[in-house]
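Counting from -8, one number per residue, gives the positions in the sequence shown under the working numbering.
Data first, discussion second: the structure below is written as structure tokens.
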Amino acid sequence: MRRLIAFIVLLMNAGAYGASPPTVLVFGDSLSAGFGIDVDQSWAALLQTRLQSEGYEHRVVNASISGDTTEGGAARIGPAIETFEPALIILELGGNDGLRGIPPVRMKGNLEKIVSAGKDSGAAVVLLGIRIPPNYGQRYIAEFENVYREVAQEQDIPWIEFFMEGVALNDSLMQADGIHPNAAAQPVLLDNAWPIISEALTN
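Right, here's the structure in full:
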């Protein structure tokens, strides 16, 4: 039901704009969906303001779904591209894969499908890397984190190693669950992602 509601909302947003400027599609999970905060406070919403202040005409569509995995993303990227025809896709998925112990090789395959679908459509793609807690074991963590590096290098796309840099270990920037960033963290997340976003927009 949550996925259906989110998809309906996205369709309404698409229809409201009609013929519109180039689209930046934020394609992630709860870290980008604004979980636990007002959606207008999310870093994706702040990105729209940043783009306008920097002179870009792009509109931001946030197609992030809380709890989503790379498998879910791979299943819905096609309809998202068809609906929104993005010029740029900001890919932020994988955290839930790690928390569920999904094999990194499977996660990599899903990310590759998403990136390839974006590139085949003519969109630029950037990748936001995620890290997971140390209790998952050194071997799994190393394989998990390497997925982002390998996908970025093999697909030749801009990426950042850790989207939550400066946030994840700062209690004042995290919600009570210790997993999700609060409203105060959103400008930091945007600053973390902005260098590769601006790089993709200018290339």
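Quick reminder that beta carbons are idealized off the backbone N, C-alpha and C, glycines included.
It should be emphasised that the depicted structure is a prediction, and the values quoted were computed from it without experimental measurement.
Cβ separation of residue i and residue j, assumed to be a contact under 8 Å, to the nearest whole Å
i, j, result
"D20", "I56", "7 Å"
"F153", "I80", "Actually they do not touch by this definition, with Cβ atoms about 19 Å apart."
"A167", "A114", "With 8 Å as the limit, A167 and A114 do not qualify as a contact, their Cβ atoms being about 36 Å apart."
"I72", "A174", "In fact, because the Cβ distance is near 30 Å, the residues do not count as touching under 8 Å."
"M195", "I121", "With the chain covering -8 to 194 only, the question about residue 195 has no answer from this structure."
"L119", "I170", "Not really, about 16 Å apart at Cβ, beyond 8 Å."
Classification of residue i by the beta-carbon crowding that lies within 10 angstroms, buried from 16 upward
i, result
"D59", "buried"
"T40", "exposed"
"P186", "exposed"
"A133", "exposed"
"N234", "Nothing can be reported for residue 234, as the shown portion of the chain is limited to -8 through 194."
"P198", "What the structure shows of the chain is the stretch from -8 to 194, and residue 198 is not part of that stretch, so it cannot be assessed."
"Q43", "exposed"
"N194", "exposed"
"E83", "buried"
"D111", "exposed"
Identified DSSP bridge partners for residue i
i, result
"V15", "V51, L79"
Touch check for the stretch 154 to 173 and the stretch 35 to 50: three-plus C-beta pairs under 8 Å? no
Ignoring anything shorter than 4 residues, give me the alpha helix (DSSP H) runs that lie fully in the stretch 112 to 186, in order along the chain. 129 to 146
Touching or not, the stretch 25 to 44 and the stretch 89 to 96, by the rule of three or more beta carbon pairs under 8 Å? no
Any contact of the stretch 129 to 138 with the stretch 104 to 114, i.e. 3+ C-beta pairs under 8 Å? no
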